[in-house]
Amino acid sequence: MELSTEIKSDIKIAQEAEIKPIKDIAEQLDLLEEELEPYGHYKAKISLDLMERLKTKEDGKVILVTSINPTPAGEGKSTITVGLGQGFAKIGKKAMIAMREPSLGPTMGIKGGATGGGYSQVIPMEDINLHFTGDFHAITSANNALAALLDNHIHQGNQLQIDVRRVVWKRVVDLNDRALRHVIVGLGGPLQGVPREDGFDITVASEIMAIFCLATDIQDLKRRISKIVVAYNIKKEPVTVADLGVEGALTLLLKDALKPNLVQTLEHTPALIHGGPFANIAHGCNSVIATKMAAKLADFVITEGGFGADLGAEKFLDIKARAAGIKPEVVVIVATIRALKMHGGVPKDNLKQENLEALSNGLENLQKHIETIQAFGLPFVIAINRFVTDTKNEVQKIKTWCAEQSYPVALADVWEKGGDGGVELAQLVLETINSAENCFAPLYDVSSSIIEKVKTIATMVYGAKDVEFSSKAQKQIIEFEKFGWDNLPICMAKTQYSLSDDPTLLGRPTNFTITIREFKPSIGAGFLVALTGDVMTMPGLPKKPSALNMDVNEEGKAVGLF
Numbered sequence: 015m016e017l018s019t020e021i022k023s024d025i026k027i028a029q030e031a032e033i034k035p036i037k038d039i040a041e042q043l044d045l046l047e048e049e050l051e052p053y054g055h056y057k058a059k060i061s062l063d064l065m066e067r068l069k070t071k072e073d074g075k076v077i078l079v080t081s082i083n084p085t086p087a088g089e090g091k092s093t094i095t096v097g098l099g100q101g102f103a104k105i106g107k108k109a110m111i112a113m114r115e116p117s118l119g120p121t122m123g124i125k126g127g128a129t130g131g132g133y134s135q136v137i138p139m140e141d142i143n144l145h146f147t148g149d150f151h152a153i154t155s156a157n158n159a160l161a162a163l164l165d166n167h168i169h170q171g172n173q174l175q176i177d178v179r180r181v182v183w184k185r186v187v188d189l190n191d192r193a194l195r196h197v198i199v200g201l202g203g204p205l206q207g208v209p210r211e212d213g214f215d216i217t218v219a220s221e222i223m224a225i226f227c228l229a230t231d232i233q234d235l236k237r238r239i240s241k242i243v244v245a246y247n248i249k250k251e252p253v254t255v256a257d258l259g260v261e262g263a264l265t266l267l268l269k270d271a272l273k274p275n276l277v278q279t280l281e282h283t284p285a286l287i288h289g290g291p292f293a294n295i296a297h298g299c300n301s302v303i304a305t306k307m308a309a310k311l312a313d314f315v316i317t318e319g320g321f322g323a324d325l326g327a328e329k330f331l332d333i334k335a336r337a338a339g340i341k342p343e344v345v346v347i348v349a350t351i352r353a354l355k356m357h358g359g360v361p362k363d364n365l366k367q368e369n370l371e372a373l374s375n376g377l378e379n380l381q382k383h384i385e386t387i388q389a390f391g392l393p394f395v396i397a398i399n400r401f402v403t404d405t406k407n408e409v410q411k412i413k414t415w416c417a418e419q420s421y422p423v424a425l426a427d428v429w430e431k432g433g434d435g436g437v438e439l440a441q442l443v444l445e446t447i448n449s450a451e452n453c454f455a456p457l458y459d460v461s462s463s464i465i466e467k468v469k470t471i472a473t474m475v476y477g478a479k480d481v482e483f484s485s486k487a488q489k490q491i492i493e494f495e496k497f498g499w500d501n502l503p504i505c506m507a508k509t510q511y512s513l514s515d516d517p518t519l520l521g522r523p524t525n526f527t528i529t530i531r532e533f534k535p536s537i538g539a540g541f542l543v544a545l546t547g548d549v550m551t552m553p554g555l556p557k558k559p560s561a562l563n564m565d566v567n568e569e570g571k572a573v574g575l576f
């Protein structure tokens, strides 16, 4: 069945929707008037004082949404997250959604926004996908203030004897801009600073973003910021923010941003949208504060980890859940027939054609992600995000495969039907929570060696046969052990498109080796980043960026924003 030309765009659906004043959404949550800080009529921040008031209240159950490896065919993980929250509301459960904020980089690049789609969206989607409440700008400012203060320290006499060849703190911007990956700063003579090599990352790759999303309160935020390693001195010893004495100023820039943002879905289900580290670079989860706050305000919290279970879910379970003391009740693994056929070898242009053989081959990718979640001791549910091009035979193929494996599966029509299309999935998730055994535990002990932790992730989650470490990475491991950093979790920076570190290897590759080219210490965040393959911390724009389709009409409304 061909897609109708009458199908409305996401932005048109969002703009035509009834949106309630944010105070009405807050009333559903029993928030006190002084705990709500409105940003206009339809979005607000929630005071952190709420956590103190509700500290003895029992936490709601956390549901984690993940997916197979993403493809250009689309999986709709955010759409399922929103639709599942709406589905819970349809069956009379008090549910809340906790998601990341979109980055302007992919929004204006190729991936698009992160507010869901069709009739399962969070709104106001234009605001959320653009500047929202300014959180990312605050994080960008804090990051770049640190860079400026660091360069000023060097210019003003360099009391800490920083080796300008070993400055590791980069500036950031919330855009995809490949021209800024490698730059020279300080040119123009003695009055302009000390010349040195520098570079920009995208804001969502900043350690301050990771810290922002793992901090439990304002004091924890300041403590973590103070631990950031910005450079090494002439003795090759680490220099931190605490050495510069600027953790207080940086925390000041973030004090308002740290409060979670309250919005609503198209069906007025409450949602907290807060923080946004990338999952292929950082840990890919919304803020700990927002997740824990949602757990105090609702009986069920639906949250997500970025990209597939090999990235966002692994990091949610090994890093975020460990640090925050969160125990998820169940994991929802999202897949589409279209994406499974791509993993089975079908080109994007041929996905509308029925192909049961390719679908069967692509199920191997789903199988690996199921095994990963099982390795954590967690129950799971498979959510098939239905597309209008899916044939009856293809749908039956997946159902039969799941039945043969005794895998719980539900079809979800949340893009087309909103909460009504998520009722079957919500009921299955609820049934699984009430009946399935939950033996959740992280995959590794943080006291294990750096090499052991990396190999555990690579072999158990990716299915690699081995791991190779470059000479640089091997030297760094020795240094990190000397500094006492070897007892931290590992955050793998890897392509999202493949289980391997080669983005062209789709499906379930075998007999491959993961190569660690270097490590980045994120001591404030509390993990070590292991960079694999060619993954970059500053993406570039495609030949035809999404920005080419964007405009604003005479009424001041966004046009072409998906």
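In this text, residue positions in the sequence shown follow our numbering: the first is 15, and each later residue adds one. Each residue gets a CB set at the ideal place from its N, CA and C atoms; glycine is no exception. All of these numbers come straight from a predicted model, not from anything done at the bench.
Asked, Found
"Check whether the Cβ atoms of V395 and T473 lie closer than 7 angstroms to each other.", "no"
"Going by the beta-carbon positions, is the gap between A424 and A397 smaller than 7 angstroms?", "yes"
"Just tell me which of E438, I387, H357, R352 has its CA closest to the CA of D404.", "R352"
"Take L392 as the anchor and find which of K362, E368, V346, H357 has the nearest alpha-carbon.", "V346"
"Could you check which residue in N83, P559, V79, A162 has the C-alpha nearest to that of T518?", "N83"
"Along the chain, where does the alpha helix (DSSP H) containing I36 start, and where does it finish?", "36-42"
"Does E482 come out as helix, strand or coil in the three-state DSSP assignment?", "strand"
"To the nearest angstrom, how far is it from the Cα of P577 to the Cα of K273?", "Residue numbering for the chain in the displayed model covers 15 to 576; residue 577 lies beyond these limits and cannot be assessed."
"If you compare alpha carbons, which of Q510, V468, L545, V136 is closest to D480?", "V468"
"Quick one: which unbroken beta strand (DSSP E) runs of 3-plus residues sit fully inside the stretch 510-538? Chain order, please.", "527-536"
"Rounding to the nearest angstrom, what Cα-Cα distance links A426 and Q490 in this structure?", "46 angstroms"
"Per DSSP, what are the beta-bridge partners of A245 in this structure?", "V181, V253"
"Can you tell which of C416, Q410, V244 has its C-alpha closest to the C-alpha of Q381?", "C416"
"What does a CB cutoff of less than 7 angstroms around E430 pick up in its chain, not counting 5 residues either side in sequence?", "G132, Y133"
"Figure out for me which residue from M564, V573, I471, H357 has the closest Cα to the Cα of L520.", "H357"
"If you drop the 5 nearest sequence neighbours on each side, which residues of the same chain put their C-beta closer than 8 angstroms to that of A152?", "L267, L268, D270, A271"
"Comparing alpha-carbon positions, which option in V96, K571, V277, Q206 lies nearest Q577?", "Here the chain comprises residues numbered 15 to 576, so residue 577 is not present and cannot be evaluated."
"Apart from the five residues on each side of it in sequence, which residues of its chain come closer than 6 angstroms, Cβ to Cβ, to S301?", "C227, H288, G289"
"Apart from the five residues just before and just after P252, which ones in its own chain have a Cβ nearer than 7 angstroms to its Cβ?", "V243, Y246, F497"
"Please tell me whether L325 and G101 are closer than 7 angstroms, where the distance is taken between their beta carbons.", "no"
"Which residue's Cα is closest to the Cα of I198: E211, D44, N157?", "E211"
"DSSP puts R210 in a beta bridge; with which residues?", "V199"
"Compute the distance between the beta-carbons of N157 and S220, then report whether it is under 7 angstroms.", "yes"
"Going by other Cβ atoms of all chains shown within 10 Å of its Cβ, with 16 needed for buried, is H145 buried or exposed?", "exposed"
"Check each candidate in K557, L575, K108 and name the one with the smallest Cα separation from A309.", "K108"
"Residues in its own chain within less than 6 angstroms of I176 by CB, not counting five upstream and five downstream?", "I168, A245, N247, V253"
"Assuming E318 and T95 are in contact, meaning their beta carbons sit under 8 angstroms apart, how far apart are those beta carbons, in whole angstroms?", "5 angstroms"
"Rounded to a whole number of angstroms, what is the C-alpha to C-alpha distance between N275 and F330?", "20 angstroms"
"Which residue comes first and which comes last in the beta strand (DSSP E) that contains P422?", "Careful: P422 lies outside any beta strand (DSSP E) and carries neither H nor E."
"Figure out for me which residue from K91, D44, K341, K75 has the closest Cα to the Cα of S81.", "K91"
"Kindly indicate the opening and closing residues of the beta strand (DSSP E) around K75.", "75-81"
"Straight-line CA distance for L62 to I465?", "39 angstroms"
"How about V302: is its Cβ closer than 6 angstroms to a heavy atom in the ligand NAD?", "No copy of the ligand NAD occurs in the structure displayed, which carries no ligand at all."
"Could you check the C-alpha separation between I124 and P556 for me, to the nearest Å?", "7 angstroms"
"Quick check: N143 and G127, are their CB atoms within less than 7 angstroms of each other?", "yes"
"To the nearest angstrom, report how far apart T279 and Q135 are at their CA atoms.", "6 angstroms"
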